[in-house]
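Heads up: the sequence shown begins at 1 in full-length UniProt numbering, then just goes up one per residue.
Glycine is no exception: its CB is placed at the ideal position from the N, C-alpha and C atoms.
Since the model is a prediction, treat every value here as computed from it, not as a measurement.
All remarks here apply to the structure that follows.
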Amino acid sequence: MEVPSDTPDTPLAPEAITRSGEWWAGARALAPMLLGVMPFGLIYGVLAVNAGMPAWLACAMSAIVFGGASQMILTQLWAAGTPALVVAFTVAMVNLRHALYSATIAASLAPLPRRWKALIAYLLTDEAFAAMTRRLGDTGPRARYRHWFYFGAGFALWASWQVSTLAGVLVGAQVPRDWPLDFFLPLTFIGIIVPNLKHRSQTAAALVASVLAVACFAMPHKLGIMVAALGGIAAGMLLRGRDRDGTGRRSSDASGRTDGKEHAA
1 MEVPSDTPDT PLAPEAITRS GEWWAGARAL APMLLGVMPF GLIYGVLAVN
51 AGMPAWLACA MSAIVFGGAS QMILTQLWAA GTPALVVAFT VAMVNLRHAL
101 YSATIAASLA PLPRRWKALI AYLLTDEAFA AMTRRLGDTG PRARYRHWFY
151 FGAGFALWAS WQVSTLAGVL VGAQVPRDWP LDFFLPLTFI GIIVPNLKHR
201 SQTAAALVAS VLAVACFAMP HKLGIMVAAL GGIAAGMLLR GRDRDGTGRR
251 SSDASGRTDG KEHAA
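Right, here's the structure in full:
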């Protein structure tokens with residue numbers, strides 16, 4: 001009589017990879033970053049209202065522009081009465097880094113329909129990019145639904161940004177305008193930037209931009225911000241090719257990855 005075996009004849013099937021599973025995986029990958037994003041959005045909402053921006057416009061900015069750094073700078077320029085052309089150019093300069101992010105993930109989006117490319121491009125931010133780079137090297141079945149992972153990460157950030165902005169706008173109406181809340185703006189950026197200064201080129205860019213921002217503070221229409229941004233970019237580019245890790249290899253490339261380890265640019 002044949003005795004049944006305790007072990008199966010075929011190996012167990014791997015866990016099924018689905019659209020919803022990848023979407024939730026992207027949202028979970030982004031979740032730890034929300035601890036820094038939501039206070040940032042709250043401060044933006046308060047500052048926008050105190051700068052004289054209508055509440056509906058402050059919320060529309062978060063839905064349309066969807067860029068924390070550029071929205072903060074735009075709020076300062078709005079309060080200073082800066083001409084619209086200077087505002088547009090400054091915001092464009094701040095958002096230039098998104099072109100590098102797009103170039104990094106472009107190959108993984110190439111087979112997708114245009115509507116998917118447009119959606120992910122809209123949701124692409126610093127934090128979302130940091131989460132998305134975790135799946136750039138995926139192959140096989142997981143790569144098939146990689147765009148759903150991107151969607152989940154981007155949407156989690158988008159939703160939290162809208163909610164925190166709305167909360168800031170509602171709170172901002174109750175906050176006296178003479179409170180120096182704009183002091184929190186540089187502190188917020190320092191908290192975001194300093195932990196990511198891992199190479200000489202990044203440190204040089206931050207130092208040069210900081211010095212120029214102080215030296216050019218008196219320039220009209222907040223043009224000192226533009227000068228500082230251009231100076232920081234120039235310094236970083238000059239030293240970027242010299243960045244090397246302990247093994248003598250270049251430590252970073254345009255994608256923001258470091259010898260196999262990925263980080264947010």
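| query | I think residue 142 touches residue 17, with their Cβ atoms under 8 Å apart; what is that distance to the nearest whole Å? | reply | Here residue 142 refers to the residue found at position 142 of the sequence shown. Here residue 17 refers to the residue found at position 17 of the sequence shown. So it is a contact: roughly 6 Å between Cβ atoms.
| Can the beta-carbon of residue 120 be found closer than 8 Å to that of residue 147? | In the sequence shown, residue 120 corresponds to position 120, counting from 1. In the sequence shown, residue 147 corresponds to position 147, counting from 1. Yes; because the gap between Cβ atoms is below 8 Å, this pair is in contact.
| said: Excluding the 5 residues flanking residue 73 on each side, which residues of the same chain have their C-beta closer than 7 Å to its C-beta? | reply: Numbered from its first residue, the sequence shown carries residue 73 at position 73. Excluding sequence neighbours, residue 73 sits near 90, 91, 94 and 225.
| message | Contact defined as beta carbons within less than 8 Å: I believe residue 44 pairs with residue 68. What is the distance between those atoms, to the nearest angstrom? | response | The residue labelled residue 44 in the question sits at position 44 within the sequence shown. The residue labelled residue 68 in the question sits at position 68 within the sequence shown. With a Cβ gap of about 7 Å, residue 44 and residue 68 count as contacting.
| message | Tell me whether the region 16–31 and the region 112–126 touch, counting them as touching only if at least three CB pairs, one residue from each stretch, are closer than 8 Å. | response | no
| task | Take residue 37 and list the residues in its own chain whose beta-carbon comes closer than 8 Å to its own, dropping the five residues that flank it on each side. | result | Stepping through the sequence shown from its first residue, residue 37 is reached at position 37. Cβ neighbours of residue 37 beyond the five flanking positions: 68, 127, 157, 160, 161 and 164.
| said: Tell me which residues share the same chain as residue 239 and place their Cβ nearer than 6 Å to its Cβ, disregarding the 5 neighbours each side in the sequence. | reply: What you label residue 239 is simply residue 239 of the sequence shown in a count that begins at 1. Counting only Cβ-Cβ distances below 6 Å, and skipping sequence neighbours, we find 200, 201 and 204.
| query | Do you know offhand how far residue 125's Cα is from residue 47's? | reply | Indexing the sequence shown from 1 puts residue 125 at position 125. Indexing the sequence shown from 1 puts residue 47 at position 47. Here the C-alpha atom of residue 125 lies approximately 21 Å from the C-alpha atom of residue 47.
| task | Since I believe residue 234 is in contact with residue 212 (beta carbons under 8 Å), could you give me their beta-carbon distance rounded to a whole number of angstroms? | result | As a first step, residue 212 must be located in the sequence shown, where it is residue number 212. As a first step, residue 234 must be located in the sequence shown, where it is residue number 234. Incorrect: roughly 10 Å between the Cβ atoms, too far for contact.
| field | First and last residue of the uninterrupted alpha helix (DSSP H) at residue 98 | value | Taking the sequence shown and counting its residues from 1, one reaches residue 98 at position 98. 97–109 is the span of the alpha helix (DSSP H), which, as asked, contains residue 98.
| field | Helix, strand or coil at residue 147 according to DSSP, with G and I counted as helix | value | The sequence position of residue 147 within the sequence shown is 147, counting from 1. Residue state, collapsed to three classes: helix.
| request: State buried or exposed for residue 61, treating a residue as buried only when at least 16 other CB atoms are found within 10 Å of its CB. | output: Residue numbering aside, residue 61 sits at position 61 when the sequence shown is read from its first letter. Per the 10 Å Cβ criterion, buried.
| said: Quick check on residue 30: buried or exposed, where buried means 16 or more other Cβ atoms within 10 Å of its Cβ? | reply: Along the sequence shown, one-based indexing puts residue 30 at 30. Residue 30 should be labelled buried.
| request: At 4 residues or longer, and completely inside the region 120–168: list those alpha helix (DSSP H) runs for me, N to C. | output: 126–132 and 141–144, all fully within the region 120–168.
| query | Using the beta-carbon count (16 or more within 10 Å), is residue 52 buried or exposed? | reply | Within the sequence shown, numbered from 1, the residue matching residue 52 stands at position 52. Classification of residue 52: exposed, given that the 10 Å Cβ count is below 16.
| request: Measure the alpha-carbon distance for residue 193 versus residue 206 and round it to whole angstroms. | output: Working through the sequence shown from its first residue, we reach residue 193 at position 193. Working through the sequence shown from its first residue, we reach residue 206 at position 206. Taking the straight line from one Cα to the other gives about 8 Å.
| message | Less than 7 Å separating the Cβ of residue 106 from some heavy atom of the ligand NAP? | response | Questions concerning the ligand NAP fall outside what the structure shown contains, since it holds no ligand whatsoever.
| said: Can you look up residue 43 in the DSSP assignment and give me helix, strand or coil? | reply: Numbered from 1 along the sequence shown, position 43 holds the residue referred to as residue 43. The answer is helix: DSSP assigns residue 43 an H, G or I state.
| message | Could you give the first and the last residue of the continuous alpha helix (DSSP H) run that contains residue 18? | response | Mapped onto the sequence shown, residue 18 falls at position 18. Neither: residue 18 is in no alpha helix (DSSP H) and is coded neither H nor E.
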